[in-house]
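Visitor: Please find one structure pasted underneath; my questions will follow.
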Amino acid sequence: MKILRPASSQSSRALEVRRPRVASMYPTSAWVDTQTRVPLFHPTALRPLHNLNRRLFDTLIDELRRSREISPATAVLGAKLAPLGDDALWRLARVPICWVDAEFLNETIWTETALSSRTAHALPDSPLPRARALEFAGLTYALASSTAKSSADAACIMFGMRPAVADAFAGFSVEMIHRLGQSRAHWVRPRWFDTPQDWQRLIATAESAEATRLPPVSLRALNRLLVDLEPAP
2 MKILRPASSQ SSRALEVRRP RVASMYPTSA WVDTQTRVPL FHPTALRPLH
52 NLNRRLFDTL IDELRRSREI SPATAVLGAK LAPLGDDALW RLARVPICWV
102 DAEFLNETIW TETALSSRTA HALPDSPLPR ARALEFAGLT YALASSTAKS
152 SADAACIMFG MRPAVADAFA GFSVEMIHRL GQSRAHWVRP RWFDTPQDWQ
202 RLIATAESAE ATRLPPVSLR ALNRLLVDLE PAP
């Protein structure tokens, strides 16, 4: 009769090594919000960004309909958005990028601002009315800073930032963001406001696109943003 002996400790260790490892529920990378543990490009995490985008669209349409004295850029974009239905506006808003820009490609002004918020820069005023610019500056800078604190890489993609700009926003305090919302409000503008043909192409895609895991309008928006982020030759 064969006697079964317990496996040696060495054999047990070998068996343990061969056990399949259970993958983590979330990736252990910079693409996860360190506070909520939700992937940064998950629809739940992107909801504040999407709401900000929709707020911008509603503002542009509202300014077109209510204001007599608006900038040409605001009038053009408002006229392109006004005919869209609610579903198309939300498809356009639910892209993984921010439709609000604030010179995020300009490393010089933001790195200098990080050193001293009193540094002056001669930049064109926002095409948005002052009250609207103040509103969007506060919302956009706060969201950009919180995103950059979780992941500088994600901030670069969502907000079209250079890495140095994302690093600056990651270091801004709440008090600094509040001051910037007042002193740098004139930097805020609709993204690609000076190239309305980009808006027209994305609007056309949003109107005709069917719901998929990554809608075509998101792909087009990301592709257009990556063109901006590509280093100059």
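Residue numbers (our numbering): 2 to 234. Every residue gets a Cβ at the ideal spot worked out from N, C-alpha and C, and that includes glycine.
(1) Assuming D126 and H187 are in contact, meaning their beta carbons sit under 8 Å apart, how far apart are those beta carbons, in whole angstroms?
(2) Is D126 helix, strand or coil by DSSP?
(3) Would you report the Cα separation of L215 and E136, rounded to the nearest angstrom?
(4) Do you know how far the Cα of T114 is from the Cα of D199?
(5) Does D102 come out as helix, strand or coil in the three-state DSSP assignment?
(6) What number of angstroms, rounded off, separates the C-alpha of V189 from the C-alpha of A132?
(7) Do the stretch 169–180 and the stretch 141–161 meet, that is, are 3 or more Cβ pairs less than 8 Å apart?
(8) Leaving out five residues on either side along the sequence, give the residues of the same chain with a beta carbon under 7 Å from the beta carbon of A89.
(9) In the DSSP assignment, find the unbroken alpha helix (DSSP H) run with I204 in it and report its ends.
(10) Which residues does DSSP list as the beta-bridge partners of R190?
(11) Who are the Cβ neighbours of L181 in its own chain at under 8 Å, not counting the five residues just before and after it?
Guide: Let me lay it out:
(1) 5 Å
(2) coil
(3) Its pLDDT being 48, under 50, L215 is placed unreliably by the model, and nothing is read from it.
(4) 30 Å
(5) strand
(6) Between V189 and A132, the C-alpha separation is close to 11 Å.
(7) yes
(8) A207 and E208
(9) P197 to S209
(10) The partner list for R190 (beta bridge, DSSP) reads D102.
(11) T114, S118, A138, Y142 and F173
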